[in-house]
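Under the numbering used here, think of the first position of the sequence shown as 4, with each following residue one higher.
Working notes for the structure below.
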Amino acid sequence: MAAMLEVKNLGISFGGLRAVNAFDLTIEKGALYGLIGPNGAGKTTVFNLLTGVYKPTDGIIKLDGTEITGKSTVEINKAGIARTFQNIRLFKDMSVLDNVKAGLHNHHPYSFLAGIFHTPTYHRVEKEMDEQAMELLKVFELDKEAHYKASNLPYGKQRKLEIARALATEPKLLLLDEPAAGMNPNETQELMNTIHFVRDHFGMTILLIEHDMKLVSGICEELTVLNFGEVLCQGKTSAVLKNPQVITAYLGE
Numbered sequence: 004m005a006a007m008l009e010v011k012n013l014g015i016s017f018g019g020l021r022a023v024n025a026f027d028l029t030i031e032k033g034a035l036y037g038l039i040g041p042n043g044a045g046k047t048t049v050f051n052l053l054t055g056v057y058k059p060t061d062g063i064i065k066l067d068g069t070e071i072t073g074k075s076t077v078e079i080n081k082a083g084i085a086r087t088f089q090n091i092r093l094f095k096d097m098s099v100l101d102n103v104k105a106g107l108h109n110h111h112p113y114s115f116l117a118g119i120f121h122t123p124t125y126h127r128v129e130k131e132m133d134e135q136a137m138e139l140l141k142v143f144e145l146d147k148e149a150h151y152k153a154s155n156l157p158y159g160k161q162r163k164l165e166i167a168r169a170l171a172t173e174p175k176l177l178l179l180d181e182p183a184a185g186m187n188p189n190e191t192q193e194l195m196n197t198i199h200f201v202r203d204h205f206g207m208t209i210l211l212i213e214h215d216m217k218l219v220s221g222i223c224e225e226l227t228v229l230n231f232g233e234v235l236c237q238g239k240t241s242a243v244l245k246n247p248q249v250i251t252a253y254l255g256e
């Protein structure tokens, strides 16, 4: 199977501090992959490098065979990488529907003048986006809350909405930054089901950062473990979680 993401010798330094060093990662299309490690290990820095928030000091990033190293966040999103955040970042004063439509604008542009004067093109594009957004909300069972303010959704549904908005950009690779943060066990189980569904229903390749080992062991087929910005070990989830270094350093056992 062809690789969706190929990362070779990726690194970045901040004021002489090596935050990520010689990071390699290959994720096949359709995989559910996990990135774990303690606070400060460099996990979010890796996500920020993959999404263009930071420019790497060295290394190469390829998405579906195309190099995206050093491109802007907008260019990388259009190339096919979308992400969610540990602290949910919704447009909380906008409706659930409009949050998803914000993601759809990547692929349904209209001119500034069309937006100002509400031309026939504007109305056609807005109608198309309304229909597509509602279809996506139905997939996540959020269609009945389409006109609620995003901030009025329960926490678990806000997580679902953030994932739905990310999928609206039509990504090839979805990055989930600690999606189970702040969830109770029932919400975590529902999230696991949602992530499995997203992978299977959309044929999505997914990379997630997570501290919840139940979630990691329940959905991730392979793992990379980071320590001080460097790869400690990589491989099948069952083998990685039995690694004595991982057990000692990250599971506290």
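Even glycine gets a Cβ: it sits at the ideal position worked out from N, Cα and C.
As summarised for the stretch 145 to 206, the continuous alpha helix (DSSP H) elements at least 4 residues long and confined to that stretch are 158 to 171 and 188 to 205, given in chain order. Residue environment analysis places residue 26 among the buried positions, since at least 16 neighbouring C-beta atoms fall within 10 angstroms of its C-beta. Contact between the stretch 181 to 195 and the stretch 203 to 213 is established, with three or more Cβ pairs separated by less than 8 Å.
Contact between residue 167 and residue 143 is confirmed by a C-beta separation of about 5 Å, below the 8 Å threshold.
Between the beta-carbon of residue 153 and that of residue 164 there is about 6 Å, and that keeps the pair under the 8 Å contact cut.
With contacts defined as CB atoms closer than 8 Å, residue 235 and residue 249 qualify as a contacting pair. A contact is defined here as three or more CB-CB pairs under 8 Å, and the stretch 129 to 143 fails this definition with respect to the stretch 217 to 229. For residue 151, the closest alpha carbon among the candidates 157, 99 and 193 is that of 99.
For residue 155, the closest C-alpha among the options 93, 72 and 238 is that of 93.
At the C-beta level, residue 218 and residue 66 stay beyond 8 Å of one another. In this structure the stretch 53 to 64 touches the stretch 72 to 79; the number of beta carbon pairs closer than 8 Å is three or more. Apart from the 5 residues on each side of it in sequence, residue 207 sits with its Cβ closer than 6 Å to the Cβ of 177 and 201 in its chain, given in chain order. For residue 65, the secondary structure class from DSSP, reduced to helix, strand or coil, is strand. Annotation: the continuous beta strand (DSSP E) that includes residue 227 extends over 225 to 230.
Within the stretch 26 to 96, the complete alpha helix (DSSP H) runs of at least 4 residues fall at 46 to 53 and 76 to 82. Where residue 104 is concerned, the enclosing alpha helix (DSSP H) starts and stops at 99 to 107.
Per DSSP, the beta-bridge partners of residue 10 are 28 and 64. Of the residues 102, 191, 190 and 173, the one whose Cα lies closest to the Cα of residue 148 is 102. For residue 199, the CB contacts under 7 Å within the same chain, skipping 5 residues up- and downstream, are 222 in chain order.
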